[in-house]
Every structure is written in structure tokens, then in C-alpha cells.
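Chemist: If you read the sequence shown in our numbering, its first letter stands for residue 284, the second for the next number, and so on. Every residue, glycine too, gets a C-beta built ideally from N, C-alpha and C. Structure below; questions to follow.
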Amino acid sequence: MKGASSNKRISYKELTLKPGTYTMEFYAKAAVAGENASVRPGYAIVEDGKIINNGYMYGDYTNDIAAEWVKVSHQFTLEAVQTINILVMNPKKPGKDLLIDDFSFTTLDGGLSEVGPSPEPEPEPQPEPGKPAVFEETFADGQGQFTIEDKNLPEDLTFIWKHDTYNGKSYMKASAFANNTKYASESWLVSPVIDLTKTTAPELSFSNAANFFSEGFSCTVKVKEEGAADWTNLTLINPSEGMSWNFVDTSADMKAYKGKKVQLAFVYTSTATAAGTWEVKDVKIIDTVNTAIDNVTTDNAKKVIFDLSGRRVLKATKGLYIINGQKVYVK
Numbered sequence: 284m285k286g287a288s289s290n291k292r293i294s295y296k297e298l299t300l301k302p303g304t305y306t307m308e309f310y311a312k313a314a315v316a317g318e319n320a321s322v323r324p325g326y327a328i329v330e331d332g333k334i335i336n337n338g339y340m341y342g343d344y345t346n347d348i349a350a351e352w353v354k355v356s357h358q359f360t361l362e363a364v365q366t367i368n369i370l371v372m373n374p375k376k377p378g379k380d381l382l383i384d385d386f387s388f389t390t391l392d393g394g395l396s397e398v399g400p401s402p403e404p405e406p407e408p409q410p411e412p413g414k415p416a417v418f419e420e421t422f423a424d425g426q427g428q429f430t431i432e433d434k435n436l437p438e439d440l441t442f443i444w445k446h447d448t449y450n451g452k453s454y455m456k457a458s459a460f461a462n463n464t465k466y467a468s469e470s471w472l473v474s475p476v477i478d479l480t481k482t483t484a485p486e487l488s489f490s491n492a493a494n495f496f497s498e499g500f501s502c503t504v505k506v507k508e509e510g511a512a513d514w515t516n517l518t519l520i521n522p523s524e525g526m527s528w529n530f531v532d533t534s535a536d537m538k539a540y541k542g543k544k545v546q547l548a549f550v551y552t553s554t555a556t557a558a559g560t561w562e563v564k565d566v567k568i569i570d571t572v573n574t575a576i577d578n579v580t581t582d583n584a585k586k587v588i589f590d591l592s593g594r595r596v597l598k599a600t601k602g603l604y605i606i607n608g609q610k611v612y613v614k
């Protein structure tokens, strides 16, 4: 492993691992007699096919490695299913050539995960034209007219919310996990003013995925009238459970705000013991037909099914739908 004036790394292919404790062990020695080398083992966190910002997690340096073989060991713990690259770094100081041999990577309680943290999305049914949205932001090209307000940004982080893209799908993503550390934080993704003055039964819908919320999904969606100081939590129907990369469709009744102008806020919160990742896309408000029916029992009759944006779908999975003209929550 060549030394240089910059850090050099060698790594293994991506591994999706179960929660558990893992141990890296190998032998190292300086490639040139009379020169002392250094080495630092670790791993890199991979999300959406790339190493995340501040995603390198290293163990201790082993310094003053001479021409005799030295055993190097590094142990780390994963608290949830995680995709990583295990790696070895030859640091720029002193930047000397290094030999590595007899590498092993073991665990007693973990192992390879059969299901990765970010599975391929299922094909979506072809939609039919539906009702025009009163407001819509897909986040396909960026954060749009939304603004970010960091209420509590840890000193070690430069951002919590950011725009991201994976497999052609774009979304806003919030996380306060970096450097193998969970940070207490609070950050708001705030919409522009939305005009609901001509609506009679407005309803919010959005698609979202949340993972690694080990103490329960803690994020909220708030609303306030234009110019008001106080925000109110919306009651979410089918919110994420906080432990899966699968996107779910979530909705909220906004009839209390018909005839008004409002703002929305997607509020991410985390603690020093639970700092998950929240991904949000396809935010939409439509003026729905108010059937005054919140829950009905379905039968085996032929059904005509629409999602909350007015698109006809082939099958109702978990979530809220309009089935044969009635609002139905499918569990």
C-alpha cells in the first residue's frame, strides 16, 4: 500500500450488515527497512450508493510500524442494518509505504443482512389524470421555495436538511447522524405561503421514508396561518413507523384551514440516543370531496380506487384511498 502526501485508502466491496459487533484484524509492517509507517482501520457508511457526508468512521492509529509484522485490530458496533465499506487508511503523516497481510473480518452476533436498507422501489401503477393540486412540490429539482430553519444545529454539523437523489428519485432528507455519533437537533423545512382561500376540504399528502428512529418516529408536520406566530401539529394518517427505507403515503386533514393562507413545516428532531433519517417528497394539497365518511369496511365487490391526489390505482396498499367514492383507510 503506497504512501503519499495525502491519505490513501483501500476498501472492500459494499456490505449490508445486521446490527452487531464486528472486528477487523490484520498484520502490517513498513515496506522499506528503516522507515516507520502508520495505519488506521475503519469503515465508511454508504447510503443511496455513495459514502455519506462525514461518513468515514475510523479506529485508532497504529504508529511507528517498522519492518516487523504488527497485529492491528479494530472493533465497532452497528445498531441497525447498515451498508458499509470496510477500509484501511495509510495516513499522509508519515505517508510511508506499507504492507498488509492476513486480513480478517468477524462477528459473533451480526452478519450479512438479506435485505438492504434501501430496497428497489416497486413499480408504480400508471395514473389517470386527477384533480389539479392547490399546492405541489415534488422536490424533483431541489428544495423549491421551501426554506430551512435550523432551530438546534450541533457545532459538529453543517446541515441537517438537504436535497438528495437515489435511483432517479429525488427528495429532501434530514439526519443528525454523523461521524458515528447521534446528535440532539431540531431543523424545520418550511413551505412558502399556500393559498387555500378557494378550497372547501383541503387535504395534505406526501410520500416519506424514515429509518433508524430507534425510540419511535419523532418528526412532525406543523401548520400555521399566514402571519401567525403559533404553529399547530397536524394529525398524520399512516405516518412512517421510523424503521424502514420503504416510502409510505401519509396524509392530513386540513379542512380547519379552508379559506385561509397557511404555511407548512416538516419538523425533524433527534436526540443523543436516537438520530434517524427522514426523507420527504411529493408534497401536495388537493381540495378533496368531503364524504363525511372516515372509515368503512370493504367487501369483495369490484372497486374503483383512487389515491388522495385523484389518481386511479390498481391496488390499495397500506394508506388512505377513495374507493367507490368513499374514503377508506387500508391497514
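1. Who are the near neighbours of Phe422 in its chain, counting only those whose CB is closer than 7 Å to its CB and skipping five residues on each side?
2. Hey, Lys544 and Val613 are a contact pair by Cβ (cut 8 Å); roughly how many whole angstroms apart?
3. For Ala457 and Trp444, what's the separation of their Cα atoms in angstroms?
4. Buried or exposed: which applies to Val322, given that a residue is buried once 16 or more other Cβ atoms fall within 10 Å of its Cβ?
5. Kindly list the residues whose CB is nearer than 6 Å to the CB of Arg292, restricted to its own chain and excluding five residues on each side of it in sequence; keep chain order.
6. In chain order, what residues of the same chain have a beta carbon less than 6 Å from the beta carbon of Glu498, not counting five sequence neighbours either side?
7. Since Ala320 is in the beta strand (DSSP E), which residue starts that stretch and which ends it?
8. Can you have a look at Glu432 and say buried or exposed, based on whether 16 or more other CB atoms are within 10 angstroms of its CB?
9. To the nearest angstrom, how far is it from the Cα of Val315 to the Cα of Ala350?
10. Would a C-beta distance cut-off of 8 Å place Ala461 and Asp439 closer than the cut-off?
11. Answer yes or no: do Thr560 and Asn494 have a C-beta to C-beta separation smaller than 8 Å?
12. For the 8 Å Cβ check, are there 3 or more pairs between the region 332-349 and the region 383-393?
13. Quick one: is Ser468 buried, meaning 16 or more other Cβ sit within 10 Å of its Cβ, or exposed?
14. If you scan the region 289-375 from start to end, which runs of the beta strand (DSSP E) of 3 or more residues do you find wholly inside it?
15. In chain order, what residues of the same chain have a beta carbon less than 7 Å from the beta carbon of Leu519, not counting five sequence neighbours either side?
16. Do Glu419 and Lys567 have their C-beta atoms within less than 8 Å of each other?
17. What's the C-alpha gap between Pro408 and Ser387?
18. Find the nearest neighbour of Asp570 within the set Val329, Pro302, Ala320, Ala416, judged by alpha-carbon distance.
19. Quick check on this structure: which residue in Thr464, Gly510, Ala548, Ala320 has the alpha carbon closest to the alpha carbon of Ile328?
20. Considering only the alpha carbon of each residue, which of Phe359, Gly542, Asn521, Phe549 lies closest to Thr515?
21. Using three-state DSSP, classify Ala461 as helix, strand or coil.
22. Can you check DSSP and say which residues form a bridge with Phe418?
23. Just grab the DSSP bridge partners of Trp492 for me.
24. Strictly by DSSP, which residues pair up with Glu508?
25. Using the Cα positions of Lys601 and Tyr466, report the straight-line distance between them to the nearest angstrom.
26. Of the choices Thr480, Asp513, Ala313, Phe429, whose alpha-carbon is the least far from that of Ser474?
Modeler: Taking the definition as stated:
1. His446, Ser453, Tyr454, Met455, Lys564
2. No, Lys544 and Val613 are not in contact; Cβ-Cβ is about 33 Å, not under 8 Å.
3. 4 Å
4. buried
5. Leu370, Met372
6. Ala557
7. 320-330
8. exposed
9. 7 Å
10. yes
11. yes
12. no
13. buried
14. 291-294, 298-300, 303-313, 320-330, 333-341, 345-348, 353-361, 365-373
15. Val504, Thr533, Ala535
16. yes
17. Confidence is the limiting factor: at Pro408 the pLDDT is only 49, short of 50, which leaves the residue's position unreliable and the question unanswerable from this model.
18. Ala416
19. Thr464
20. Phe549
21. strand
22. Ile568
23. Reading off the sequence shown, one finds Ala at residue 492, where the question assumed Trp. Per DSSP, Glu562.
24. Val545
25. 32 Å
26. Phe429
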